[in-house]
Amino acid sequence: MSDCCSVPGLLPFEDALENLLSQITPVTETLTIPISQALNYVLAQEINSPLNVPNHDNSAMDGYAFAIESFQTSKVLTLVGRSMAGSPFEGECKLGECIRIMTGAKIPESCDSVEMQENVQVDADNITFLNEKSPGSHVRKAGEDIQLGQPVFSLGHKLSAVDIGILSSLGISAVKVYRQVKVALISTGDELKLPGQVLASGDIYESNSFVLRGMLEKLHIEVIDFGIVEDDFDLIKAAFVSADKQADAVISSGGVSVGEADYTKTVLDDLGEIGFWKIAMKPGKPFAFGKLPNSIFFGLPGNPVSALVTFHQLAMLGLTKMQNAEPLKRTHLKVKCVKDLKKSPGRMDFQRGVLSINDQGENVVESTGSQGSGILSSLVQANCFIVLPAAQGRVNAGEVVTVQLFDQFII
Ligand code: AMP
Ligand code: MG
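Under the working numbering, the first residue of the sequence shown is numbered 214, with each subsequent residue one higher.
The structure is reproduced here in structure tokens:
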């Protein structure tokens, strides 16, 4: 793909994503687990409802159940029994009769309506109905939530807490799911230290592995942490060899530029089939993707914002495919930008933005300010990406731009 504003040597973002996705093979191993352990697993089976929910007509109110036809003769009905949730009325409720009924209790075959207890007068067994009623009042019909045989979840659906509640309400105690994807995390850099360690001159505290671990765990991916590896060909190679044996995907950060201490490319050339890309996106230009002998490799840039954006916009979509999960849905809005945005044509920008509602009730966005790819705090203030296509130049205040709302993986 090329356009008027493509930059020689830079791969358009869309091409990078398409190429990446085409090379990912989903995991095939499945397991059957109790629903209480199934949160966030991806279904390896379709679920069709084995019953009606609710499975019997039941009352939406505490009150009295009756057949509406009874009112053709009298507004006073004779009380003949009661139906409680879990102890239904098993007798006969004929025309001219009613039963006491509680919320959720089964409605007898011969009744079709319920009146709230507030709208009747009780005189021993004589119940006077004060208002006109229409048939079916306050009745929750069998199957009104889910019908017998109805498709409930499709293959590839990732199970949320509510979904597990639905499975339980259907009486399904175990489900077949795909096994969790395993990802090895490696942070490269001589300057990196873990929090708790003492910083020597020129050192910094490592943050990428913590951000990535959190996002991977939210994706329900098992993380194998390889910690910090120094900028040394042999050490990086040893870490990659070991990670490749244990994980479905290996994610490194740092060392993908072309500086003297950037060994990721040379190690990968040595070990696997590597696509080393310079992507027309900002932040995140240097990004490596490829195959190790047993796993997929994503080499993220070291700068914290670049690492997050390339992970979120590229690697995550590949990992979701590897999980067999439905593609992630991201919410885009077109909104007015209230301040100028700096941009030169050539790369697709993911600027950090703050979306809000102005005094006129319109959605508006502005940038968080400095867009340096090392400024991780810009992601704390922001609630969206302002996504500017590669060909776009500067944006003037008042123009409409596309924003992508931060999803659960960032906030
Ligand atoms: P690199 O891609 O290795 O050239 O790193 C680019 C910048 O990101 C440098 O300023 C690094 O110190 C910084 N950096 C690299 N890895 C990390 C990390 N894991 N956490 C925080 N900053 C990092
Ligand atoms: Mg480095």
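Where a beta carbon is used, it is the ideal one built from N, C-alpha and C, also for glycine.
Nearest-angstrom Cα separation, counted from residue j out to residue i
i: P225; j: L601; result: 13 Å
i: Q360; j: I385; result: 15 Å
i: D444; j: L521; result: 21 Å
i: L527; j: A413; result: 34 Å
i: G317; j: K534; result: 42 Å
i: T401; j: K504; result: 19 Å
i: S644; j: L407; result: As displayed, the chain neither begins before 214 nor continues past 624, which places residue 644 out of reach and without an answer.
i: Q459; j: S586; result: 31 Å
i: S373; j: G362; result: 21 Å
i: V335; j: A278; result: 14 Å
i: D482; j: D403; result: 21 Å
i: Y418; j: I492; result: 27 Å
i: L554; j: K495; result: 14 Å
i: G378; j: A298; result: 20 Å
i: D416; j: S235; result: 39 Å
i: I437; j: S466; result: 14 Å
i: I624; j: H525; result: 12 Å
i: P221; j: A387; result: 53 Å
i: N271; j: L264; result: 15 Å
i: I314; j: Q258; result: 39 Å
In DSSP terms, what residue i is bridged to
i: S326; result: F279
i: R353; result: N271
i: Q617; result: H545, F598
i: I449; result: DSSP output for I449 lists no bridge partner at all.
i: E579; result: V567
Option nearest residue i by Cα separation, candidates the options
i: S508; options: S569, Q605, D325, P239; result: P239
i: E242; options: G317, Y391, M315; result: Y391
i: F500; options: S470, G276, L308, V480; result: S470
i: Q330; options: G304, D275, K450, L618; result: D275
i: F511; options: E486, S272, G606; result: E486
i: G468; options: C306, V442, D438, F619; result: V442
i: L432; options: L541, L380, N232; result: L541
i: S262; options: C311, I237, S382; result: S382
CB contact below 8 Å: residue i versus chain B
i: N571; result: As a matter of chain content, chain B is missing from the structure shown, which is built from one protein chain.
Test item: CB-CB of residue i and residue j under 8 Å
i: D338; j: A280; result: no
i: H370; j: L532; result: no
i: I464; j: V396; result: yes
i: C306; j: V327; result: no
i: V352; j: I320; result: yes
i: V518; j: L589; result: yes
Residue i beta carbon near ligand 2 (any heavy atom closer than 7 Å)
i: D553; result: no
i: A474; result: yes
Residue i CB to nearest heavy atom of ligand 1 below 7 Å
i: E539; result: no
i: L398; result: no
i: V255; result: no
Residue i beta carbon near ligand 4 (any heavy atom closer than 7 Å)
i: G440; result: Annotation note on ligand 4: not contained in the displayed structure, which lists ligand 1 and ligand 2 as its ligands.
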